[in-house]
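Asker:
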Amino acid sequence: MCLTNFLYDLSKDRYNQWKETTLKKSLEKFKERKERFEFSSGIEVPRLATPLEPGPAYEEKLGYPGEYPFTRGVQPTMYRSRFWTMRQYAGFSTAEESNKRYRYLLEQGQTGLSVAFDLPTQIGYDADDPIAQGEVGKVGVSISSIKDMEQLFDQIPLDKVSTSMTINAPAGVLLAMYIAVAKRQGADMRGLRGTIQNDILKEYVARGTYIFPPAPSMRLITDIFQFCAKEVPYWNTISISGYHIREAGSTAVQEVAFTLANGIAYVEAALKAGLNVDDFAGQLSFFFNAHNNLLEEVAKFRAARRMWARIMRERFKAQKPSSWQLRFHTQTAGSTLTAQQPENNVVRVTLQALSAVLGGTQSLHTNSMDEALWLPTEKSVRVALRTQQIIAHESGVADSIDPLAGSYLIEHLTDEIEKGALEYIAKIDEMGGAMQSIERGFMQNEIQNAAYAAQQAIERKEEIIVGVNQFTVDEVLTLERLKVDTSIELGQREELKRLRESRNRESVERLRGRLVEAAKGTENLMPLFIECVENDVTLGEICNTLRGVWGEYVAEGF
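Its first residue numbered 1, the sequence shown is counted upward by one per residue in the working numbering.
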């Protein structure tokens with residue numbers, strides 16, 4: 001009894017200390033949304049549920065929100081102060097058409113933009129390049145010049161919104177365009193908020209939209225780290241992505257392990273380039289998949305957060321708490337959506353979004369029900385956005401921090417995911433790191449094997465996909481379809497022709513020459529990228545100039 005009382009008093013003292021320090025400071029900065037949070041029966045929702053007798057394990061593994069090891073969240077009040085950023089990944093056709101969709105989504109209550117680029121843009125080609133033929137504006141918006149970027153954000157003040165851009169190999173160029181447009185709007189680039197994906201390692205592993213070999217690709221990334229640390233301090237310089245790793249077929253453990261292993265590689269590259277860890281670590285962010293098993297996904301997010309905190313504090317000796325925090329965006333799992341009975345996808349997306357919220361995401365995109373069929377319509381993206389809003393305002397799950405903590409199953413799953421992921425990271429370290437494991441095909445083979453096993457389970461009906469391998473029906477689809485006008489490619493070519501005819505050719509050639517010399521040297525390329533795009537040098541021209549110096553990456557078969 002005496003020991004029990006001692007532990008209880010210890011827990012109470014620690015809780016009071018948290019309330020008087022971390023929580024108090026947060027409440028002075030962020031007012032909670034309600035004076036009192038209640039269940040439907042009038043029972044008050046506790047701000048933070050804790051065990052009666054925490055003991056050492058609780059302090060070591062869970063702690064308190066906003067404090068190391070951040071298992072329970074990176075903010076002391078989490079969604080009681082502000083909901084996660086609600087983003088809908090969107091982009092198609094021309095910049096003008098995508099701009100209309102963005103403004104529609106903002107009118108419907110979206111709180112952040114998320115830009116999808118077409119395939120030519122993602123691999124650094126202009127819309128009038130022969131290799132872009134037939135792909136312009138198909139899977140995202142076509143951006144070749146600063147004029148396209150200006151149109152994309154027409155009537156959208158960039159100092160008032162947070163923008164995420166899913167762009168990797170040419171991320172520095174697209175960020176340069178964004179900064180240049182913001183400057184033309186009169187915005188201070190030091191106040192810009194948003195994220196570029198900028199994660200080339202997962203492109204080599206799972207997605208394929210790479211351009212350059214690893215060494216110059218990593219240089220571009222660390223140049224962005226260095227530039228933004230000084231000039232755009234609120235910008236997330238990378239979104240280290242497990243999303244595409246999971247979409248390629250990985251397990252939850254592999255998603256965490258390979259994502260954090262890539263994160264370790266980026267930190268090591270930045271340190272090698274001479275950066276101080278605490279100067280850039282606070283601008284790193286992550287991007288995870290929300291899959292179908294709700295409890296596993298909740299545990300996955302909690303495990304990843306705890307692991308990254310320990311990696312940054314113990315492995316890299318980071319001193320700032322902001323350097324230890326794993327902040328992440330989540331997207332629901334596109335690979336789980338079915339063309340059969342597409343209305344069922346609303347239910348899947350709801351459960352996946354719920355897992356992300358219960359797991360403490362900072363930002364969320366919910367897929368539309370028709371994405372397994374075609375680009376989503378306005379109605380389907382509105383339903384997807386309303387899914388987030390209903391979870392936020394009607395479900396009650398955002399009213400208490402980390403509400404599933406203490407569940408025997410959740411804590412067991414969290415520990416087991418962490419254990420399995422650490423074993424993978426140890427293997428990758430033995431190979432020399434993430435890049436070496438990728439070159440050996442290790443990550444790729446592990447993902448392929450997991451994907452094959454999962455498909456076999458579906459074919460054997462050990463895993464049921466509702467409407468696909470069970471509960472099937474004969475149906476005629478009646479959903480509205482979004483069609484992209486194929487004539488936009490011609491329009492984009494004509495716009496580029498006019499741009500090339502009207503700009504200062506001497507300035508363009510001079511800047512491309514400077515770019516060649518800079519690429520051969522060591523100077524930070526970001527200021528030159530900004531100067532190039534401000535003088536109407538196109539995305540393709542910049543990337544082709546760099547191709548001439550660095551060459552292109554060619555993946556070997558595994």
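No residue lacks a Cβ here, since even glycine has one placed at the ideal position from N, Cα and C.
Going by the beta-carbon positions, is the gap between Trp84 and Val383 smaller than 8 Å?
Answerer: no
Asker: Between the Cα of Leu62 and those of Arg302, Asp429, Asp536, spot the shortest distance and give me the residue it belongs to.
Answerer: Arg302
Asker: If you draw a straight line from the alpha carbon of Tyr125 to that of Ile146, how long is it in whole angstroms?
Answerer: 14 Å
Asker: Select from Ala309, Ile264, Val45, Tyr243 the residue whose C-alpha is nearest the C-alpha of Glu571.
Answerer: The displayed coordinates of the chain run from 1 to 558. Any statement about residue 571 would go beyond what the structure contains.
Asker: Please work out which residues of its chain come closer than 7 Å, Cβ to Cβ, to Ala405, disregarding the five sequence neighbours upstream and downstream, and give them in chain order.
Answerer: Ala49, Leu62, Arg72
Asker: Under a three-way DSSP split, which group does Thr350 fall into?
Answerer: When DSSP states are grouped into helix, strand and coil, Thr350 belongs to the helix group.
Asker: Ordered along the chain, which non-local residues of its own chain (more than five positions away) have a Cβ less than 6 Å from that of His329?
Answerer: Phe287, Ser363
Asker: Please report the residue range of the alpha helix (DSSP H) in which Leu27 lies.
Answerer: 24-29
Asker: Please report the residue range of the alpha helix (DSSP H) in which Gln436 lies.
Answerer: 434-439
Asker: For a test of the three-state rule: what should DSSP assign to Trp105, helix, strand or coil?
Answerer: Position check: residue 105 holds Leu in this sequence, whereas Trp was assumed. Three-state DSSP puts Leu105 in a helix.
Asker: According to DSSP, Gln470 sits in a beta bridge with which residue or residues?
Answerer: Val466
Asker: Using 10 angstroms around the beta-carbon of Arg207, count the other beta-carbons present and answer buried if the total reaches 16, otherwise exposed.
Answerer: Result: buried.
Asker: Tell me the DSSP secondary structure of Ile196 in three-state form.
Answerer: The answer is strand: DSSP assigns Ile196 an E or B state.
Asker: How many Å lie between Thr387 and Arg101 at the Cα?
Answerer: 18 Å
Asker: Using only the alpha-carbon positions, how far apart do Ser11 and Trp324 sit?
Answerer: Answer to the nearest angstrom: the Cα atoms are 24 Å apart.
Asker: For Tyr424, count the other beta carbons within 10 Å of its own beta carbon; 16 or more makes it buried, fewer makes it exposed. Which is it?
Answerer: buried
Asker: May I ask you to verify whether the segment 255-275 touches the segment 430-438, counting CB pairs closer than 8 Å and requiring at least 3?
Answerer: Yes, the segment 255-275 is in contact with the segment 430-438.
Asker: Quick one: is Arg246 buried, meaning 16 or more other Cβ sit within 10 Å of its Cβ, or exposed?
Answerer: buried
Asker: Please state if the CB of Leu260 and the CB of Ile311 are separated by a distance shorter than 8 Å.
Answerer: yes
Asker: Out of Ser98, Lys31, Asn99, Gly540, point me to the one whose CA is closest to Thr77's CA.
Answerer: Lys31
Asker: Does DSSP put Ser241 in a helix, in a strand, or in coil?
Answerer: strand
Asker: Identify which residue in Leu351, Ala372, Glu28 has its Cα closest to the Cα of Ala339.
Answerer: Ala372
Asker: With a threshold of 8 Å on Cβ separation, who are the neighbours of Ile179 within its own chain once the five nearest residues in sequence on each side are excluded?
Answerer: Excluding residues within five positions, the ones whose Cβ falls inside 8 Å are Met189, Leu192, Val232, Ile530.
Asker: Mind checking whether Phe258 and Met443 have CB atoms under 8 Å apart?
Answerer: yes
Asker: Report yes if the CB atom of Ala450 is closer than 8 Å to the CB atom of Gly186, and no otherwise.
Answerer: no
Asker: According to DSSP, simplified to helix, strand and coil, what is Met177?
Answerer: DSSP, read as helix, strand or coil, puts Met177 in helix.
Asker: Please report how far the alpha carbon of Ser93 lies from the alpha carbon of Pro403, in whole angstroms.
Answerer: 42 Å
Asker: Nearest to Ile561 by CA position, among Lys160, Leu515, Leu201, is which residue?
Answerer: Only positions 1 to 558 of the chain appear in this structure, which leaves residue 561 out of reach.
Asker: Am I right that Ala169 and Thr209 are in contact with their C-beta atoms under 8 Å? What's the rounded C-beta distance?
Answerer: 6 Å
Asker: Please state whether the Cβ-Cβ distance between Gln389 and Gly109 is less than 8 Å.
Answerer: yes
Asker: Inspect the beta-carbon positions of Tyr589 and His291 and report whether they are closer than 8 Å.
Answerer: In the structure as shown, the chain starts at 1 and stops at 558, and residue 589 therefore has no counterpart that could be examined.
Asker: Less than 7 Å between C-beta atoms, sequence neighbours within five positions excluded: which residues of the same chain meet that for Val161?
Answerer: Gly112, Leu113
Asker: How long is the line joining the alpha carbons of Arg547 and Phe212, rounded to whole angstroms?
Answerer: 7 Å
Asker: Short of 7 Å in beta carbon distance, which residues of its chain neighbour Met369, apart from the five on each side in sequence? Order them along the chain.
Answerer: Pro342, Glu343, Asn345, Val346, Ser380, Val383
Asker: Quick one: grab the DSSP three-state call for Ala384.
Answerer: helix
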